[in-house]
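Following the numbering used here, the numbering of the sequence shown begins with 1 at its first residue and continues without gaps. All C-beta atoms in this analysis are idealised placements derived from N, C-alpha and C, irrespective of residue type, glycine included. If you're wondering where the values come from, they're calculated on a predicted model, not measured in any experiment. Everything on this sheet refers to the single structure shown next.
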Amino acid sequence: MPTGDPTRRNALAVVLAAGEGTRMKSVRPKVLHEIAGRSMLAHMLASVAAAGIDAFAVVVGPEADEVRQEVQRLRPDARVFVQQRRLGTAHAVLAARAAIAAGFDQLLVLFADTPLVRPATIAALCDGLAGGTGVVALGFTARDPHGYGRLIVDGRGRLVAIREEKDASDEERRLRLCNAGLMAIDGRRALELLDAVGASNAKGEYYLTDIVGLAAERGLATRVVLADEDEALGVNDRVQLAQAEALAQQRLRRAAMLAGATLVAPDTIFLSADTKIGRDVVIEPHVVIGPGVEIANGALIRSFSHLEGATIGFNAKVGPFARLRPGANLAATARVGNFVEIKAADVGEGAKVNHLTYIGDATIGAGANIGAGTITCNYDGFFKYRTVIGEGAFIGSNSALVAPVKIGDRAYVGSGSVITRDVGPDALALGRGRQVERSGWAARFRESQKAKKDGAI
Ligand code: UD1
Ligand code: MG
């Protein structure tokens, strides 16, 4: 990814996110739907920032508090503008007039529902303005151009106009070179061009795309920069959302593999945009990795594990069938086995939690061994309490550790114990009924029962 390029400092990105998103059929605003664990809007803002642009304006609809909050969370420095009435893409850009009027060399317009555009493509779009070009549009060759605006290019390769499908002639509709929607505009001419846009078209909207023709009329050069169709995918419904997810997953898997991780069956492994995977990590088939996961070098994640908000240390082993929830931190060489759930807990170096266990709100010391079926009872219905297990401690199988409670270093807890009080270091704690044995009892019992039954017949 390109890093911040100081030459683009004087660029303003206007991200349009005021669309209604009706085709999503959702109570959630379209641009907050997620791909690879983060919102489409977050993808776009991250890509724009990675392209070296650091001035942001986001245009939202009138009832878009959630979108505004997401912008504020991601980029508190961004200015948010409200487009009161949805009168078209040029009208939406002009909602950010106050930001544009501050004066930038380059104005970049992006759609928040085009989440897969790469930072390098955004940078190329801006670079297209070099040498006095007035408008640069991002184009792509569509397998099926239906619904997109068509790029009309003259014999010398100049972009003459963009024609929306509803306004296009039959001949123009046959063109497959389409408008991805992203545009870079000479910042000094942007307001003049945007203000000249009218609404005399099939939809009666102020089309951003009209600035191409308006620039050409003014003798300004206009150009097309090409992108892959995959990058240009616009998400309008849940089918396209799933397509975008699939493409994002392919990219993430590929990047992880090229960075030195083995994904045994990549198509069955789901990653998040922020997943960090070290070298020589092996991920077996059917693993889901949600947001906030970091996996250090050499770790093994076995099949059917589900991880989110967790860190996995060097050479640690997880799964199969493990669930790591937010705040699960495994130190180097720790092992978490099948049917184990871990939440908000530090598992020390080399510690083992191998079978059928719940560890929540806990600290487990290095080298401790947590037996099968151990439960940290961390919640009383109102508050959460911590369990602290010392280094080298041994918790016998099927124990309940009722928090708050501390088990000292190297202490033993007998199997089947319910531990409600702290245990000192090197001690043995037993919290279970004492075993009683009555010799011969079973034989006597069988005989008496059998006699009763025979008598009844
Ligand atoms: C737009 C382009 C079309 C291009 C296509 C690519 C125009 C006129 N057309 O068409 O050439 O091929 O995208 O996907 O630009 N928005 C607002 N306020 C408005 C209208 C739109 O904020 O009043 C936002 C939407 O939230 C969306 C973006 O602008 O993020 C594009 O709007 P949309 O209605 O999806 O345009 P398309 O018809 O897809
Ligand atoms: Mg669209």
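Pairing A403 with D274, the inter-Cα distance amounts to about 33 Å.
With contacts defined by Cβ atoms closer than 8 Å, I185 and V135 form a contacting pair. Shown here, V197 sits in coil according to DSSP, grouped into three states, outside any helix or strand.
Here S272 is buried. Its C-beta has 16 or more other C-beta atoms within 10 Å.
Just so you know, the alpha carbons of I389 and T311 end up roughly 19 Å apart. The segment 122-130 and the segment 238-253 do not touch, with fewer than three beta-carbon pairs separated by less than 8 Å. For F111, the shortest separation between its Cβ and any heavy atom of the ligand UD1 lies below 7 Å. For L182 against T114, the beta-carbon gap comes to about 7 Å, under 8 Å, which counts as contact. The alpha-carbon of K450 is positioned some 10 Å away from that of R444. Linking G290 to A180 through their CA atoms gives a straight-line distance of about 29 Å.
Leaving aside the five residues that flank V80 on each side, the residues in its chain whose CB is nearer than 7 Å to its CB run, in chain order, V58, V60, R68 and V71.
Here DSSP, grouped into helix, strand and coil, assigns A334 to coil.
When DSSP reads this structure, A92 sits in no beta bridge, so it has no partner.
For Q250, the shortest separation between its Cβ and any heavy atom of the ligand UD1 does not lie below 7 Å. Bridge partners of H355 according to DSSP: N338. The residue from L226, R150, P62 and A90 with its alpha-carbon nearest to that of T121 is L226. Linking G19 to R223 through their CA atoms gives a straight-line distance of about 27 Å. Between A368 and G348, the gap from beta carbon to beta carbon is short of 8 Å.
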